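In our numbering, the protein residues as written are 28 to 404. Data first, discussion second: the structure below is written as structure tokens.
In structure tokens form, the structure reads like this:
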């Protein structure tokens with residue numbers, strides 16, 4: 028009757044099943060006797076009452092753990108997430124159903140889903156991976172997506188030629204990243220500099236006790252070797268290694284503007300500096316050249332605030348050029364979050380194929396980070 032051409036009959040059938048499905052004794056029987064797929068199809072109906080009755084019945088079926096694997100195997104989670112629901116009570120019912128499913132993804136239910144993700148046909152494996160990305164407990168992410176290959180299934184969707192599969196993969200990966208960051212934030216803000224003693228603001232470009240002078244755009248910048256030696260391996264190599272600068276009093280800096288060099292030196296002397304967006308890329312280049320990782324992170328954080336649909340590709344290229352890992356991660360998350368809008372833009376497919384290895388690397392690190400809330404990780 029759920030598949031009858033008579034709308035009224037389908038509505039009555041869905042209503043009756045909805046009431047029956049609230050009784051635990053009926054839930055498994057309804058699903059095992061073929062009720063699940065027709066109810067999911069009714070979610071596509073343009074009839075608000077029919078749609079709501081189907082959603083209410085599915086809410087009841089989701090209460091039984093024996094139904095969960097079938098619910099996910101046939102794509103029920105994607106159906107609930109993608110549906111265009113007419114009335115607010117239906118939307119609320121669907122949200123409660125997804126929450127109910129989420130609460131049951133553990134123990135034998137999770138073990139059976141992992142089994143399906145290993146041995147079922149590829150379409151089912153992908154449905155399971157998509158569902159688990161949205162519903163699993165953050166504590167289980169490593170086991171599901173690293174140990175049981177769930178990440179590769181999602182990346183396979185992202186690299187697909189099907190726009191729908193690509194979008195599904197991107198949405199799932201973004202949700203997975205948000206859950207991972209809630210436990211172990213990556214690149215949320217620039218890290219504090221490594222604790223060390225700084226000479227202080229008063230010695231920036233100060234001739235007092237200066238033992239080295241940098242020539243920048245024809246101007247003299249006074250510095251102190253002891254401060255530079257403590258700041259980075261690049262300066263240690265310059266002054267302690269076999270370079271000609273080791274014994275030089277004046278050192279020419281040919282490729283950095285004065286204002287950028289001054290910001291870099293101010294950071295070296297004080298451990299902090301305000302880098303405006305218009306100078307951040309130039310300071311990043313200088314920080315990369317002189318191996319000043321804390322300053323790089325500060326610049327990356329500033330630049331990342333300006334990522335947009337128009338510039339994310341160039342920002343990603345910038346991150347590659349200057350080994351800016353934090354900025355690269357921000358670009359990846361932006362691309363996943365705004366995948367639907369980016370997909371219509373020229374060069375989108377090439378960009379996605381290009382970043383898939385980096386996405387794999389990002390999640391491999393994010394999902395294996397120790398969970399401070401759960402020592403079993």
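No residue lacks a Cβ here, since even glycine has one placed at the ideal position from N, Cα and C. Remember, predicted model here, so these are calculated numbers, not experimental data.
Item: Candidates 234, 158 and 110: which alpha carbon is nearest residue 276's?; Value: 234
Item: Just the C-alpha distance for residue 232 and residue 358, rounded to the nearest angstrom, thanks.; Value: 36 Å
Item: Entirely within the region 224 to 269 and at least 4 residues each: give me those alpha helix (DSSP H) ranges in chain order.; Value: 252 to 258 and 260 to 267
Item: Rounded to the nearest angstrom, what separates residue 228 and residue 254 at their Cα positions?; Value: 12 Å
Item: Would the beta-carbon of residue 393 fall within 8 Å of that of residue 207?; Value: yes
Item: Does the count of Cβ pairs from the region 339 to 356 and the region 324 to 331 closer than 8 Å reach three?; Value: yes
Item: Using the DSSP secondary-structure output, state which residues sit across from residue 277 in a beta bridge.; Value: 240
Item: Thinking C-alpha only, which one of 226, 162, 169 and 380 is nearest residue 296?; Value: 226
Item: Please report the distance separating the alpha-carbon of residue 291 from that of residue 340.; Value: 27 Å
Item: Starting from residue 305, trace the alpha helix (DSSP H) in both directions and tell me its first and last residue.; Value: 304 to 316
Item: Let me make sure I understand the geometry here. Which of 153, 118 and 163 has the alpha-carbon closest to that of residue 136?; Value: 163
Item: DSSP on residue 101, reduced to helix/strand/coil?; Value: coil
Item: Compare the C-alpha of residue 349 against each of 194, 56, 148 and 313 and name the closest.; Value: 313
Item: Taking the continuous alpha helix (DSSP H) assigned at residue 121, which residues delimit it?; Value: 115 to 130
Item: So, residue 178 versus residue 197, is the Cβ gap smaller than 8 Å?; Value: no
Item: Is the beta carbon of residue 84 less than 8 Å from the beta carbon of residue 98?; Value: no
Item: Return the chain-ordered list of same chain residues with a C-beta closer than 7 Å to the C-beta of residue 385, the five sequence neighbours on each side being excluded.; Value: 355 and 359
Item: For residue 304, count neighbouring Cβ atoms within 10 angstroms of its own Cβ and tell me buried if that reaches 16, exposed if not.; Value: exposed
Item: How is residue 283 classed by DSSP in three states: helix, strand or coil?; Value: coil
Item: Taking the alpha-carbon positions, what's the residue 244 to residue 257 distance?; Value: 25 Å
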